[in-house]
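Visitor:
Number of protein chains: 2
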Amino acid sequence: MQAPKQIPPETFLIDRDTPLPLQLQLRRQIVLAVHEGRFRPGERMPSSRALSAHLGVGRITVSMAYGELVAADYLVARGRSGYFIADRAHALDETPTLAPMPRFDWTGKLPGRYRATQRKDRPRNWRDYPYPFLYGQIDDRLIDHAAWRECAVRALGRRDLGALADDQYDGDDPELIDFIIRHLLPRRGIRARPEEVLLTMGAQNALWLICQILLNRGEACAIEEPFYPGLHEILSVHDCQVHPVPIDAQGLPCDAIPAQVSVVFTSPSHQCPTNRTMPRARREALLRLAALRGFAVVEDDYEFEISFAGATSPALKAMDRSGAVIYIGSFSKSVFPGLRLGYIVADPAFVAEARALRSMMLRHPPGHVQRTMAYFLSLGHYDRQLNRMRAAYAERRAATAQALVRHGLDLGMEAGSGGSSFWLGTPGGLDSELLAARLRPQGVLIEPGRPFHRQSGAGAASYRLAYSSIGVSEIEEGIRRIAAVSRDCAGAA
Amino acid sequence: MQAPKQIPPETFLIDRDTPLPLQLQLRRQIVLAVHEGRFRPGERMPSSRALSAHLGVGRITVSMAYGELVAADYLVARGRSGYFIADRAHALDETPTLAPMPRFDWTGKLPGRYRATQRKDRPRNWRDYPYPFLYGQIDDRLIDHAAWRECAVRALGRRDLGALADDQYDGDDPELIDFIIRHLLPRRGIRARPEEVLLTMGAQNALWLICQILLNRGEACAIEEPFYPGLHEILSVHDCQVHPVPIDAQGLPCDAIPAQVSVVFTSPSHQCPTNRTMPRARREALLRLAALRGFAVVEDDYEFEISFAGATSPALKAMDRSGAVIYIGSFSKSVFPGLRLGYIVADPAFVAEARALRSMMLRHPPGHVQRTMAYFLSLGHYDRQLNRMRAAYAERRAATAQALVRHGLDLGMEAGSGGSSFWLGTPGGLDSELLAARLRPQGVLIEPGRPFHRQSGAGAASYRLAYSSIGVSEIEEGIRRIAAVSRDCAGAA
Chain H
0 MQAPKQIPPE TFLIDRDTPL PLQLQLRRQI VLAVHEGRFR PGERMPSSRA LSAHLGVGRI
60 TVSMAYGELV AADYLVARGR SGYFIADRAH ALDETPTLAP MPRFDWTGKL PGRYRATQRK
120 DRPRNWRDYP YPFLYGQIDD RLIDHAAWRE CAVRALGRRD LGALADDQYD GDDPELIDFI
180 IRHLLPRRGI RARPEEVLLT MGAQNALWLI CQILLNRGEA CAIEEPFYPG LHEILSVHDC
240 QVHPVPIDAQ GLPCDAIPAQ VSVVFTSPSH QCPTNRTMPR ARREALLRLA ALRGFAVVED
300 DYEFEISFAG ATSPALKAMD RSGAVIYIGS FSKSVFPGLR LGYIVADPAF VAEARALRSM
360 MLRHPPGHVQ RTMAYFLSLG HYDRQLNRMR AAYAERRAAT AQALVRHGLD LGMEAGSGGS
420 SFWLGTPGGL DSELLAARLR PQGVLIEPGR PFHRQSGAGA ASYRLAYSSI GVSEIEEGIR
480 RIAAVSRDCA GAA
Chain V
0 MQAPKQIPPE TFLIDRDTPL PLQLQLRRQI VLAVHEGRFR PGERMPSSRA LSAHLGVGRI
60 TVSMAYGELV AADYLVARGR SGYFIADRAH ALDETPTLAP MPRFDWTGKL PGRYRATQRK
120 DRPRNWRDYP YPFLYGQIDD RLIDHAAWRE CAVRALGRRD LGALADDQYD GDDPELIDFI
180 IRHLLPRRGI RARPEEVLLT MGAQNALWLI CQILLNRGEA CAIEEPFYPG LHEILSVHDC
240 QVHPVPIDAQ GLPCDAIPAQ VSVVFTSPSH QCPTNRTMPR ARREALLRLA ALRGFAVVED
300 DYEFEISFAG ATSPALKAMD RSGAVIYIGS FSKSVFPGLR LGYIVADPAF VAEARALRSM
360 MLRHPPGHVQ RTMAYFLSLG HYDRQLNRMR AAYAERRAAT AQALVRHGLD LGMEAGSGGS
420 SFWLGTPGGL DSELLAARLR PQGVLIEPGR PFHRQSGAGA ASYRLAYSSI GVSEIEEGIR
480 RIAAVSRDCA GAA
C-alpha cells in the first residue's frame, strides 16, 4: 500500500490551553512529524484554506507557518499545487526537544510471565523461506481463495449488515452455529444443541477460556507429554498444578493419570505432536475414569478434518453421554489460521460460563468472519477445500516419507493416520535447536522439540516436520538439505 | 440463508469398533438427525453411490438402510431424483434412546462468577424496536457500507493473501499500525513508535489485557463513579480491590484518589457515562500525582472521534512524558462495533507484555479485519464517515435536547461536548429499570442506570439515552413515549 500523498487536515491538532502561539504549535507539529518519519518527502500538505477551516484558526496563521518552514527548508512550495515535504527535510537539525522527565518505572509492575513464554522459533516471514516445513501455516496453493472471496463478498451484502456491524454482546451467528450442529459435528459423531456450542477465536482462545474457568484456583490437571506448547504456555500463567503424563504408543495412558486432577487434556484422534491415535478401549477407560473420579476431559480435536489415512473414527465427545467432555474444534487447519475461528462443544452449564467470560474478554469473533464461514460451509466450499487438502497432504506425506528414507533420516515411530506433520528424532541425537539454526540460512525451517516438553533438554533430539506449508516439489530438496546439514553438524561435533 | 437442500455424504460417520451392524448404524443416524431437527423435511439424502463411497461400505448396505426408512415413513423415494426426508418424519415415534447415564456434575467446578456479571438489558434484536435509544450500536444510515465493502474486497485480493490467511503469532498488520501512528494518533496529540502500539479486539479486550497484567495479585485501583459497566465487570473477576471515586462536574477529582492504588482508570475527554470533560489543570494534576505516587493511568478515549461540540482537546496521553499513561482507542464507535477492533498505546515494556498475553489468549484479531481497516483509513473513507457521523450526531443531539425540553424531561447536568448519548435523571426519581421495562412494549429502548454504580440502588433514578442507533425522525415520538410512560408510572405510584 502506497503512503497517501496528501496529508489530511485531520492530522493536525491545536491546543488552546497552552500559552504557545498557534503558528508556533503548527510549525512544531510539522517539524516533529518530519523528524519522526510520519510525514515523508514528497507528501503534500493540506491547503491553507482546508487546514485553517479544520483548526478554526485564521488562514494567515497557516500561511505564515508554511512560509517559515519553507524558509527553514522543511517544506517546498510548488506554485499552484501547494506545499510539499522537502526531500532532505528529515536531515535538518532537530528542534530543541522538551525538557526530559523521569520515566515511569514499569519494572515492578509487570509480572513479565507472559513475555517469558514467547517462542522465537517461528518467523512471520516464513513465506520467504524456500523450504518451510512449518507447522500451523498453510501454503497458498491449498487455500480456495476465490471461494473464500466469494463468500466474504456475499457476507458484505446489505442483508447481512446487522451481522457485520452490530455488537452481538455474548451472542454467536445463529447461521454458523446451525451449520456446525447440523453438518459438521455429525461427522465426528457428535450431537449438540445450540446452547452446547460456543464460537472462539481459534482453539487457542478455547483453551484459554477453559483454563480460566476450571484451573485458576490451585486445581491440578494432567496433560500429555510431549504436549501442545500453546496449552502449556496458558497453564504456566494460571494458578494450577500441571502434571505431564508421558504418552505411549496408544496416546495418553489412563492409569498414569494422577489421582487428584480435576481436568485432563487430551488430543485422542491426533495426539499433538506425535499424531498417535487413542484406540477405542482406552477412550472408554478414560471416560469411565472421568466418571469415577469426577474429572473433566478436554478433547482437542484440532486436526480431525485432515485425517486421510484410513477411515475416521468418531470423536471422544461422541462417546460421552455424561457431559464430562469439553470438545474443541478449529477452522485454523481446515480453512486457514489467520481466520481465528474455532468452537467449544460442552455441557450447557459450562458453555454459559464460557460465553460470559468470552463476552467480558472480547465480546465475540468479528461478525463478518462468522457469516463468511457460514457461507463457506453451506455453499459446499469447505468440503471441496478439504478434499483438495486431503489429497495434497497424502501426496506430500508420501513424498516426505520417501525422501526421509532416501536420505537416511528417521521416519518417526508411528505410521500416522494423516495430519500435517511428522514427529521425528534427529540423526545421532543431534540438538534440534542447533539443527534448526543451521538450516535457516539454507532456507529450511523446522520446529525444534524442546517447547513440547517440560524438562529443559527433553525433546532436544526431536523435531516436528510439517508439510502443510511446503509444496510437494520442494520437499525432496528440503530434506536433502536437512540430511546434509545434519551430517555437517555430526562431523563437527 | 436457506438450508442446503442436499445433505452432504460427509455428514455421516460409521464406527467400525462397535458390534452394531453398519446398516443399523446408518439408519439410527438418520432417524436421530430427523428427530433432532438436523435433517429437515424435503432435504435430499446423498445418493447411495456417493454415500457408500464416502463410508467405504457396500452400496447395498446404503440401499437397504434407505429402503427400511422408506418403509418406516422417514424417507420418501422420488423416482430417479433419489430419497428425501419425509414431510412428517419428525412426528414419528422416536427410536429407543440409549440407556441413561449419570450426568457429570459441573456445579462444583464452575465459579459462576462470569455468568453473574451478565447484563440482560440490551436486546440483540434492537433493530426490531422502532425507538432504540441504545448506546454502543450504530444505525445503518451512518455506516458507509459501500466504502467498507470496497475496502474489504480489496483486502481479499491476492496480494493480501498472507495478511488474510497466515497465523501472525503475536504480530499486527504493519500497514494498519503505520496508519494509526502517522495519521490517527497525531489527531489526539499523541506521538508513538510501533513498539508502543498493540491492536486489540475492541476496547473491551484492551481493558481485559490491562487488568490481567496489572491487577491480578491483590493490587488496588480507582475507577470513576458512575463508571463504564464493562470495566467494572472485568475488575469484579480479577484479584484486586476496586475503589470507585464519585466524579464532580470536572470528572475524576484527583484529591479523592485513595493513596494505595496502583492503577487509576479515567475517561477524561468524555467521561463514561456522563460525557463530562476533565479540564487541563486537572489533567496536569493527575499526571503529577501519578509520578509522585507511582500509579499507572489508564485513559479510555473510546469516543474521541465523535466529539463535535467545540474544538477537540488533546488526549491525556499527549501530555504524558513519563510513560505512565496507557491509552485505549477503539473503532467501535467510529466504524462499527461488530468489527471488534481497538488499540493500546503505552510504554514499550507494557506493550510487550500485553502482546505476549494477547498471543496466548487469542493470537491476534483476524488478518482480514486488520487489512480492511488499514484500507478504510488510508483511502480516506474513515474521515468521510466521521464527518457524516458528526453532522448526524449534532443534529440528533439537538433534536433530542429539544424534545426532552418540550416534553418536560430532565436535560442532564452537562452541556456536553458531543458523544452519542445523554445521561439523565428520571422524572420524580422514578426507578429506571421499571421505566425501561414499561417502555419496551412501546417499542422504546433506554438503558437503566444501576449497572453504572456499585451500590445496589444507586443509579436507580438515572438512565442513558443514546442517539447513535436511532434516526432523527424517530426521536420526537420516542421521547414523547418516554414522557407518557413516565407520567403513567408516577400516577400509578
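Quick mapping for you: the protein sequence lines, in order, are chains H and V. Quick note: the first sequence uses numbering that gives the first Met the number 0, first residue 0, plus one each step. Quick note: the second sequence uses numbering that gives the first Met the number 0, first residue 0, plus one each step. Built from N, CA and C at the ideal position, the CB exists for glycine as well.
#1: Consider the Cβ of residue 12 of chain V: report whether some Cβ of chain H lies at a distance smaller than 7 Å.
#2: Please classify residue 472 of chain H: is it buried, with 16 or more other beta-carbons within 10 angstroms of its beta-carbon, or exposed?
#3: Roughly how many angstroms separate the alpha carbons of residue 341 of chain V and residue 200 of chain V, rounded to a whole number?
#4: Identify each residue in the segment 111-129 of chain H for which the Cβ-Cβ distance to at least one residue of chain V is less than 7 Å, and report them in chain order.
#5: For the segment 219-232 of chain H and the segment 268-278 of chain H, state whether three or more C-beta atom pairs, one from each stretch, are separated by less than 8 Å.
#6: Check this for me: beta carbons of residue 460 of chain H and residue 428 of chain H, under 7 Å apart or not?
#7: To the nearest angstrom, report how far apart residue 169 of chain H and residue 356 of chain V are at their CA atoms.
#8: By the 10 Å Cβ neighbour count, where 16 or more other Cβ atoms means buried, how is residue 302 of chain V classified, buried or exposed?
#9: According to a CB-to-CB cut-off of less than 8 Å, which residues of the segment 390-423 of chain V neighbour chain H?
#10: Distance, Cα to Cα, residue 78 of chain H vs residue 315 of chain V?
#11: At a cut of 8 Å, does the segment 19-27 of chain H reach the segment 164-182 of chain V through at least three beta carbon pairs?
#12: Check whether the Cβ atoms of residue 181 of chain H and residue 37 of chain V lie closer than 7 Å to each other.
#13: Give the residues of chain V in contact with residue 375 of chain H, contact being defined as C-beta atoms less than 7 Å apart.
#14: Distance, Cα to Cα, residue 283 of chain H vs residue 125 of chain V?
#15: Determine, using beta carbons only, whether residue 42 of chain H comes closer than 7 Å to chain V.
#16: Quick check: is any heavy atom of the ligand GTP less than 6 Å from the C-beta of residue 28 of chain H?
#17: Classify residue 480 of chain V as helix, strand or coil using the three-state DSSP reduction.
#18: Which bits of chain H does residue 323 of chain V rub up against, with CB to CB less than 7 Å?
#19: Thinking C-alpha only, which one of V:371, V:218 and V:479 is nearest residue 149 of chain V?
#20: Could you give the first and the last residue of the continuous beta strand (DSSP E) run that contains residue 222 of chain V?
#21: CB-CB under 6 Å to residue 331 of chain V, same chain, minus the five flanking residues each way: which ones, in chain order?
#22: Taking only runs of the alpha helix (DSSP H) that begin and end inside the segment 324-379 of chain H, which ones reach a length of at least 4 residues, in chain order?
#23: With DSSP as the reference, please indicate the residues paired to residue 198 of chain V in a beta bridge.
#24: With H, G and I counted as helix, E and B as strand and the rest as coil, what does DSSP make of residue 282 of chain H?
#25: Since residue 277 of chain H meets chain V, which of its residues come closer than 8 Å, beta carbon to beta carbon?
#26: Do residue 40 of chain V and residue 72 of chain V count as a contact pair if the criterion is CB distance below 7 Å?
#27: Establish whether the CB of residue 203 of chain V and some CB of chain C are separated by less than 7 Å.
#28: Mind checking whether residue 324 of chain H and residue 195 of chain H have CB atoms under 7 Å apart?
#29: Could you run through the segment 362-374 of chain H and flag, in chain order, every residue whose CB is less than 8 Å away from some CB of chain V?
#30: Going by C-alpha distance, which of V:285, V:240 and V:84 is nearest residue 255 of chain V?
#31: Rounded to whole angstroms, how far is the Cβ of residue 383 of chain V from the Cβ of residue 438 of chain V, which I believe are closer than 8 Å?
#32: Which same chain residues end up closer than 8 Å to residue 486 of chain H when comparing Cβ atoms and leaving out the 5 residues on each side of it in sequence?
#33: Taking the straight line between their C-alpha atoms, what separation do you get for residue 475 of chain V and residue 418 of chain V?
#34: Count the other CB atoms, across all protein chains shown, that sit within 10 Å of the CB of residue 177 of chain V; report buried if there are 16 or more and exposed otherwise.
#35: Three-state secondary structure (DSSP) at residue 95 of chain H?
#36: Just list the residues that DSSP pairs residue 84 of chain H with in beta bridges.
Guide: Answer, in terms of the structure:
#1: Here the question's residue 12 of chain V lines up with position 13 in the second sequence. It does: the Cβ of residue 12 of chain V has a partner Cβ on chain H nearer than 7 Å.
#2: Start at 1 with the first residue of the first sequence, and residue 472 of chain H comes out as number 473. Exposed: under 16 other Cβ atoms inside 10 Å.
#3: Working through the second sequence from its first residue, we reach residue 341 of chain V at position 342. Working through the second sequence from its first residue, we reach residue 200 of chain V at position 201. Spanning the two alpha carbons is a distance of roughly 6 Å.
#4: Residues 111, 113, 114, 116, 117, 121, 123 and 126.
#5: The count of Cβ pairs closer than 8 Å, one atom from the segment 219-232 of chain H and one from the segment 268-278 of chain H, reaches three, so the stretches are in contact.
#6: Taking the first residue of the first sequence as position 1, residue 460 of chain H is located at position 461. Taking the first residue of the first sequence as position 1, residue 428 of chain H is located at position 429. Taking a C-beta distance under 7 Å as the contact criterion, residue 460 of chain H and residue 428 of chain H qualify as a contact pair.
#7: As a working mapping, residue 169 of chain H is identified with position 170 in the first sequence. As a working mapping, residue 356 of chain V is identified with position 357 in the second sequence. Their Cα atoms are separated by approximately 22 Å.
#8: Locating residue 302 of chain V in the second sequence gives position 303, counting from the first residue. Buried, since its Cβ has 16 or more Cβ neighbours within 10 Å.
#9: The residues in question: there are none.
#10: For the purposes of this step, residue 78 of chain H is identified with residue 79 of the first sequence, where counting begins at 1. For the purposes of this step, residue 315 of chain V is identified with residue 316 of the second sequence, where counting begins at 1. Inter-residue distance for residue 78 of chain H and residue 315 of chain V is about 39 Å (C-alpha atoms, whole angstroms).
#11: With fewer than three CB-CB distances shorter than 8 Å, the segment 19-27 of chain H does not count as touching the segment 164-182 of chain V.
#12: Here the question's residue 181 of chain H lines up with position 182 in the first sequence. Here the question's residue 37 of chain V lines up with position 38 in the second sequence. Taking 7 Å as the Cβ cut-off, residue 181 of chain H and residue 37 of chain V qualify as a contacting pair.
#13: As a first step, residue 375 of chain H must be located in the first sequence, where it is residue number 376. Simply none; closest approach about 12 Å.
#14: Start at 1 with the first residue of the first sequence, and residue 283 of chain H comes out as number 284. Start at 1 with the first residue of the second sequence, and residue 125 of chain V comes out as number 126. Each residue's alpha carbon lies about 47 Å from the other.
#15: As a working note, residue 42 of chain H is residue 43 in the first sequence. Chain V, which has no Cβ nearer than 7 Å to the Cβ of residue 42 of chain H, makes this no.
#16: Absent from the structure shown: the ligand GTP. Ligands present: none.
#17: Within the second sequence, the letter at position 481 stands for residue 480 of chain V. The answer is helix: DSSP assigns residue 480 of chain V an H, G or I state.
#18: Within the second sequence, numbered from 1, the residue matching residue 323 of chain V stands at position 324. Here the neighbours are 103.
#19: As a first step, residue 149 of chain V must be located in the second sequence, where it is residue number 150. Selection V:371, V:218 and V:479 evaluated against residue 149 of chain V yields V:371 as nearest (Cα-Cα).
#20: In the second sequence, counting from the first residue as 1, residue 222 of chain V sits at position 223. In the DSSP assignment, residue 222 of chain V falls within the beta strand (DSSP E) that extends over 219-224.
#21: Position 332 of the second sequence, counting from 1, holds the residue named residue 331 of chain V. If we look at residue 331 of chain V and ignore the five residues flanking it on each side, its Cβ neighbours are 201.
#22: Those alpha helix (DSSP H) runs which fall completely within the segment 324-379 of chain H and span 4+ residues are 347-361 and 366-377.
#23: The residue you call residue 198 of chain V lines up with position 199 of the second sequence. In the DSSP assignment, the residues bridged to residue 198 of chain V are V:342.
#24: Counting from 1 along the first sequence, the entry for residue 282 of chain H is found at position 283. Assigned with DSSP and collapsed to three states, residue 282 of chain H falls in helix.
#25: As a working mapping, residue 277 of chain H is identified with position 278 in the first sequence. Neighbours of residue 277 of chain H in chain V, taken as residues at a C-beta separation under 8 Å, are lacking, since the least C-beta distance is about 12 Å.
#26: Here residue 72 of chain V corresponds to residue number 73 of the second sequence, with the count starting at 1. Here residue 40 of chain V corresponds to residue number 41 of the second sequence, with the count starting at 1. No, they are not a contact pair.
#27: Absent from the structure is chain C; the protein chains it does hold are H and V.
#28: The residue given as residue 324 of chain H occupies position 325 in the first sequence. The residue given as residue 195 of chain H occupies position 196 in the first sequence. In this structure, residue 195 of chain H does not lie closer than 7 Å to residue 324 of chain H by Cβ.
#29: Listed by position, the residues of the segment 362-374 of chain H near chain V (Cβ gap below 8 Å) are 362, 363, 364, 365, 366, 367, 368, 373 and 374.
#30: Residue mapping note: residue 255 of chain V aligns to position 256 of the second sequence, counting from 1. For the set V:285, V:240 and V:84, the Cα lying nearest the Cα of residue 255 of chain V is the one of V:285.
#31: As a first step, residue 383 of chain V must be located in the second sequence, where it is residue number 384. As a first step, residue 438 of chain V must be located in the second sequence, where it is residue number 439. Not quite, the Cβ-Cβ distance comes to about 35 Å (not below 8 Å), so this is no contact.
#32: Indexing the first sequence from 1 puts residue 486 of chain H at position 487. Once the five neighbours on either side are set aside, the close Cβ partners of residue 486 of chain H are 426.
#33: Working through the second sequence from its first residue, we reach residue 475 of chain V at position 476. Working through the second sequence from its first residue, we reach residue 418 of chain V at position 419. When rounded, the distance between both Cα atoms is 19 Å.
#34: For the purposes of this step, residue 177 of chain V is taken as residue 178 along the second sequence, with counting starting at 1. Buried, by the Cβ-count rule.
#35: Position 96 of the first sequence, counted from the start, is the residue given in the question as residue 95 of chain H. Because the pLDDT of residue 95 of chain H is 48, which lies under 50, any placement of that residue in the model is unreliable, and the question is left without a value.
#36: Taking the first residue of the first sequence as position 1, residue 84 of chain H is located at position 85. DSSP lists H:74 as partners of residue 84 of chain H.
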